[in-house]
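In the numbering used here, the protein residues as written are 6 to 125.
The C-beta atom is built at its ideal place from N, Cα and C for all residues, glycine as well.
Notes for the one structure printed next.
Here is the structure:
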């Protein structure tokens with residue numbers, strides 16, 4: 006499975022999880038220039054910027070280890086653009102969903118709310 010397909014599969018799994026937990030999905034793969042937000046969702050008045058990291062389970066690192074400070078800074082800039090464009094006035098939370106794709110075609114998901122705290 007290609008890395009692009011792994012990412013797509015992880016985002017599909019993450020979106021289904023969020024829906025099952027009562028989130029409203031506003032956007033998936035939202036782009037502005039070179040910036041992208043994997044999933045933008047809302048629950049109980051809070052805007053959730055959700056970064057999804059996926060790996061095949063036989064990989065050497067956990068998916069969440071791929072979230073570097075540089076990637077978070079880009080995510081934060083994208084979120085600023087999103088909030089400004091849609092004129093959103095709501096508490097905003099940055100979450101992480103890590104998805105391990107297992108050899109038997111199942112998966113393991115970890116939802117980490119408030120995984121990243123921006124300095125607005």
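* Which residues bound the beta strand (DSSP E) around residue 2? -> Missing from the structure shown is residue 2; the chain here goes from 6 to 125 and no further.
* Could you say which of 96, 34, 14 lies nearest to residue 49 if we only look at CA atoms? => Within the chain shown, residue 49 is the residue found at index 44, counting from 1. Comparing Cα positions, the closest option is 96.
* Delimiting residues of the beta strand (DSSP E) encompassing residue 93 -> The residue labelled residue 93 in the question sits at position 88 within the chain shown. Unbroken run through residue 93: none, as it is neither H nor E.
* To do: Using 10 angstroms around the beta-carbon of residue 89, count the other beta-carbons present and answer buried if the total reaches 16, otherwise exposed.
  => Taking the first residue of the chain shown as position 1, residue 89 is located at position 84. Flag for residue 89 reads exposed.
* Asked: Using the rule of at least 16 other Cβ atoms within 10 Å of the residue's Cβ for burial, across every protein chain shown, is residue 38 buried or exposed?
  -> Position 33 of the chain shown, counted from the start, is the residue given in the question as residue 38. Of the residues assessed, residue 38 falls on the exposed side of the cut-off, its CB having fewer than 16 other CB atoms within 10 angstroms.
* Decide if residue 87 is buried, meaning its Cβ has at least 16 other Cβ atoms within 10 Å, or exposed. => As a working note, residue 87 is residue 82 in the chain shown. With 16 or more Cβ atoms within 10 Å of its Cβ, residue 87 is classed as buried.
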